[in-house]
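> In this text, residue positions in the sequence shown follow my numbering: the first is 40, and each later residue adds one. From the three backbone atoms N, C-alpha and C, an ideal C-beta is built for every residue, glycine too. Since we're looking at a predicted model, the values are computed, not measured.
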Amino acid sequence: MAQQIETEPAVRKGPAERPAQRPPAREEPVTAKPQGKGGRRSLRLTLFLMVLVPLAAVAGAYYYAHGQGYQSTDDAFIDGHIINVAPKVAGRVDRVLVSDNQTVKKGDLVVALDDRDLASARKQKDAALESARAQEGAVRASIDQAVAHVYSLQATVESDQATADASRAQAEKAARDFQRTQELFRTKVMSAQDLDAARAATDSAQAQLQANLKKVASDQAQVAEARATVSTYAALLKSVQAKTEESDADLQTAKLNESYAEIRAPEDGRVTKKAVEPGNYIQTGQTLLALVPARVWVTANFKENQLDLMRPGQPVEIEIDALHGQKFHGRVDSIQAGSGARFSLLPPENATGNYVKVVQRVPVKIVFDELPQSGLPLGPGESVVPAVKVQDFHYSSFALIVIAGATVAVMLLALWFRSRPKRVKGQG
């Protein structure tokens, strides 16, 4: 009540209380006072928006332009060769030298079989080879003996041929002497006794010649027989050599089988799915364990509409979930010629009447520039998020959005100036 009385204009109480009149003051323009805390809050908000909107525009422009040059998918996994280790011979397991998830090097012994049966088989094949070699040596000796006999017979033939040639010359001389003796006997120069002697000498020379020729023919027959024996031994030698080679091959196979009793790691990697223990009897080809090599890559299933600019050799940023999003660098190695669904075990067959279009995914192989080095081993099936750089940064898009952000900021600034309180004229 008292406040109201103070704010109301003074009530005339009489002439004595009338205040002295003053000349009216000149009206001066005055500035309206700020409207307390509300006005200051509005000013701060306007200034905040003037700073925030351009920054947001620039950030949005950057991420938009950056995103236009990359293609990414979360349907991607680490892939690699899984080697199933299996024995080449059957047998009982003597020792298992690895455990689950153990790292091994190429050539490390992982499983050892009981090799006593294999060693016995190797010794048998070794003995068979020695026997075949001994038999081959005997046949070779026989061949050498037969060849020597042929040479000896050939020398005899040559000697007998020389004797026959001498006998032929003697027989021809005796025949000529007998002819001259006959002519002289007709002229009564030689006696009948001389003629008989010449005839006897001729007959004797001819008989000796025939005997020597028969001897040569007999020697030649023996040479032919000896040569036939050599041919027989040569054929036998080929058979024995084939048996020797067979025995040698059997021995090499037995040695290989004995070496297969030691099952070694074919590559560097980690042991997984171990399914063998000492004492197990295993068959040829039975999977004992799986080996995951350290060399891995990424198989990313991109949508088909993401492949228009994707090419082999483009750089890739790879984010691995198992390593808390740590990023690695790689490159596109190849793009599969067909969608993943087409090469599945049961490929879809879309009938005409119930066809529904589904965006297909195409596997893309991405290789690491350098294999990830971390305490956590990377294996097939682990999730990754690759981002393939398909084109360069879009500076034009970035510039347009920055200009748009700056325009918005200028408009806000103009609106702020328009909303400021104006200076008005008041009483002084």
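At 3 residues or longer, what runs of the beta strand (DSSP E) sit wholly inside the stretch 132-200?
148-152
> Along the chain, where does the alpha helix (DSSP H) that runs through Asn340 open and close?
That residue, Asn340, is in no alpha helix (DSSP H); its beta strand (DSSP E) goes Val335 to Lys342.
> Measuring straight from C-alpha to C-alpha, what distance separates Pro416 and Leu348?
Going from the Cα of Pro416 to the Cα of Leu348 covers about 33 Å.
> According to DSSP, Ser378 sits in a beta bridge with which residue or residues?
Answer is none; Ser378 lacks a bridge partner.
> Between which two residues does the beta strand (DSSP E) holding Val242 run?
The sequence given here has Asp at residue 242, not Val. From DSSP, Asp242 is part of no beta strand (DSSP E) but of the alpha helix (DSSP H) over Ala231 to Ser298.
> If Ala185 sits next to Thr283, beta carbons under 8 Å apart, how far is it from one beta carbon to the other, in whole angstroms?
The Cβ separation is near 20 Å, so there is no contact.
> If you draw a straight line from the C-alpha of Glu306 to the C-alpha of Gly418, how long is it?
15 Å
> Compute the beta-carbon to beta-carbon distance between Arg370 and Gly352, rounded to the nearest angstrom, for a pair I have assumed lies under 8 Å.
6 Å
> I want to know whether the stretch 398-409 touches the stretch 361-375 - three or more CB-CB distances under 8 Å.
yes
> Alpha carbon to alpha carbon, what distance is there between Pro317 and Val132?
The straight-line gap from Cα to Cα measures roughly 5 Å.
> Which first and last residues belong to the beta strand (DSSP E) in which Leu330 is found?
Leu328 to Pro332
> Identify the continuous beta strand (DSSP E) that holds Glu358 and give its terminal residues.
Here the beta strand (DSSP E) through Glu358 covers Pro354 to Ile359.
> Look at the alpha carbon of Gln280 and the alpha carbon of Glu175, and state the distance between them as a whole number of angstroms.
Taking the straight line joining both Cα atoms gives about 6 Å.
> Starting from Lys404, follow its DSSP beta bridges and name the residues at the other end.
Thr338 and Ser373
> With distances taken from CA atoms, which of Glu264, Asp372, Val397 and Asn319 is nearest Val150?
Ranking the options by Cα distance to Val150, first place goes to Asn319.
> When you compare only the Cα positions, how much space is there between Val196 and Ala236?
32 Å
> Over the uninterrupted beta strand (DSSP E) stretch that includes Ile121, give me the two end residues.
No beta strand (DSSP E) contains Ile121, which DSSP labels as neither H nor E.
> Going by Cα to Cα distance, which pick from Ala265, Val90 and Ala288 is closest to Ser191?
Ala265
> Within this structure, are the beta carbons of Gly420 and Phe87 separated by less than 7 Å?
no
> What are the boundary residues of the beta strand (DSSP E) that Glu306 is part of?
First-last for Glu306: undefined, no H or E at that position.
> Which first and last residues belong to the beta strand (DSSP E) in which Lys428 is found?
Residues Ser422 to Lys428.
> Between the stretch 150-162 and the stretch 249-256, do three or more beta carbon pairs fall short of 8 Å?
no
> To the nearest angstrom, report how far apart Arg215 and Ala244 are at their CA atoms.
So the alpha carbons of these two residues sit roughly 12 Å apart.
> So, for Ser138: in the same chain, excluding its five sequence neighbours on each side, which residues have a beta-carbon less than 8 Å away from its beta-carbon?
Val310 and Lys313
> Ala167 and Ser286 - do their beta-carbons sit closer together than 7 Å?
Yes, the Cβ-Cβ distance between Ser286 and Ala167 is below 7 Å.
> Count the other CB atoms within 10 Å of the CB of Gly465; is the residue buried (16 or more) or exposed (fewer)?
Unreliable positioning characterises Gly465 in this predicted model, as indicated by a pLDDT of 49, which lies under 50. The coordinate reading is nonetheless provided below. So Gly465 ends up on the exposed side.
> Mind checking who Tyr320 pairs with in its DSSP beta bridge?
Note: Tyr320 sits in a beta bridge opposite Arg131.
> Label Asn123 either buried or exposed according to how many other C-beta atoms from any shown protein chain fall within 10 Å of its C-beta, with 16 as the threshold for buried.
exposed
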